[in-house]
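Report on the structure given below.
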Amino acid sequence: MTATAVSVSTNEPQQSNHDVQKSNKSTTFLGRSLKSLLFHAASLILIAVVLYPGVWMVASSFKPSSEIVGNAAVWSSNFSFDNFVKAMDGIGGVSTLTFFTNSLILAVGSVIGVVISSTLTAYAFTRINFPGRKIFFTLMIMTLLLPFHVVIIPQYIIFQQLGLVDTFLPLLIGKFLGADAFFVFLMVQFMRNLPKELDEAARIDGAGHVRIFFSIMLPLMKPSVITASIFAFIWSWNDFLGPLLYLNTPDKYPLPLALRLFVDQTQSSDYGAMIAMSVLALLPVLLFFLIFQRYIVEGVSTQGLKG
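Residue numbers (the working numbering): -13 to 293.
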């Protein structure tokens, strides 16, 4: 009897401790689940707030113009494609295809110019020893602190004296001359992480700077080149101030200036067609970003090789 009583009394504390541990685990699980639920709910609310303007723009492109201004509702019962038909017809006697073509010329030209000039400039700063290299690089970085508005008037006077106003050259020539210090700095930081032993091995084989640049450096710089291309394309596609300054003829307007034509301060403005064209203008940028966005993090991280 005594042995049995001792055995029973011994098992009772063990069972009690097991119940306490089980209760603690259940409480911990409920606490984690509650935190996870609150986190996901807050994330969904934040996503809804961030995406609402885009969703409203897309939905408003199918609304009549009378229901757009002063109406924050997303959906409308008057669903129609008339806004897209008007947008594709163009405005001011110029077709929308012309506006798209002009934007595409500027965006693709900017990408080509930025890639060529920034990679060559970065190679010179990182792989060629010339007098004053550090001074020139410092001066180039200092231009990042210079506001664009400071140089608007001098640049406009120069291009006007050269007879280049109302052409695409003022918007593209700087891209081919390495004037965008941000892209040069991006390439320099990436190229500095590439081992110089590759250059030395190529020189032993008799390769010069041209061969080293095109055969060794450029293939390894693919992530940074694609990153620069994405930013250059988006910035040029969305540029409004540059074309506004240098372009005077409507048939040379890119899409940002074409959108302004739909808003008339003296007569009725066709907001429906303007929003429809905005949606169409957003598609190329969105597709370009989705195709190449996986290279952005890899390019900005400035890691040339992965061991």
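Glycine included, every Cβ here is placed at the ideal spot set by N, Cα and C. Computed from a prediction, not measured in an experiment: that's the story for all the values here.
Check	Outcome
For Phe86 and Leu241, believed in contact at Cβ under 8 Å, the rounded distance	7 Å
Whole alpha helix (DSSP H) elements within the stretch 66 to 115, 4-residue minimum	68 to 75 and 82 to 113
Coarse secondary structure for Leu132, derived from DSSP in three states	coil
Alpha-carbon spacing of Val71 relative to Ser19, whole angstroms	50 Å
For Gln251, the three-state DSSP class (helix, strand or coil)	Below a pLDDT of 50, predicted positions are generally treated as unreliable, and Gln251, at 46, falls in that range; the measurement from the model is reported next regardless. Note: Gln251 maps to coil in three-state DSSP.
C-alpha gap between Phe25 and Ile31, whole angstroms	10 Å
DSSP-derived helix/strand/coil call for Trp61	coil
Distance between Asp191 and Ile159 (C-alpha atoms, nearest Å)	37 Å
Inter-residue spacing [alpha-carbon to alpha-carbon] between Gln147 and Leu163	19 Å
Span of the alpha helix (DSSP H), counted from its first residue to its last, around Tyr142	Ile138 to Gln147
Reference Ser62, options Pro50, Ile212, Asp68 and Asn69, closest by Cα	Pro50
Phe116 classed as buried or exposed, judged by whether at least 16 other C-beta atoms fall within 10 angstroms	exposed
CB contact flag (Ala73, Ala262, <8 Å)	yes
Backbone CA spacing between Asn64 and Ser52 [nearest angstrom]	11 Å
Phe219 and Phe274 closer than 8 Å at C-beta	yes
Beta-carbon proximity list for Asp152, same chain, < 8 Å, skipping 5 on both sides	Tyr232, Leu233, Asn234, Thr235 and Lys238
Ala193 (DSSP reduced to helix, strand or coil)	coil
First and last residue of the uninterrupted alpha helix (DSSP H) at Phe176	Ala167 to Met177
Expected contact under 8 Å - CB spacing of Trp223 and Ala45 to nearest Å	So it is not a contact: roughly 23 Å between Cβ atoms.
Buried/exposed call for Leu157, threshold 16 Cβ in 10 Å	buried
For Trp47, the three-state DSSP class (helix, strand or coil)	Reading the sequence as shown, one finds Ser at residue 47 and not Trp. In the structure shown, Ser47 sits in coil (DSSP, three-state: anything other than H, G, I, E or B).
Residues of its chain near Phe226, where Cβ-Cβ distance is below 6 Å and the 5 sequence neighbours each way are ignored	Pro242
For Asp68 and Thr112, the rounded distance between their alpha carbons	55 Å
Contact between the stretch 203 to 221 and the stretch 126 to 145 (3+ Cβ pairs under 8 Å)	no
Alpha carbon of Arg280 to alpha carbon of Phe217, nearest angstrom	13 Å
Proximal residues to Ala28 (C-beta, below 6 Å), its chain only, five neighbours per side dropped	none
Tyr109 versus Met43, Lys161 and Val170, residue with shortest Cα-Cα distance	Val170
Cα-Cα separation between Thr252 and Gly78, rounded to whole angstroms	Caution applies to Thr252, whose pLDDT of 47 falls short of 50 and renders its modelled position unreliable; the value that the coordinates give is listed next. Each residue's Cα considered, the two are about 15 Å apart.
Reduced DSSP secondary structure (H/G/I, E/B, other) of Phe219	helix
For Leu266, the first and last residue of its enclosing alpha helix (DSSP H)	Tyr257 to Phe278
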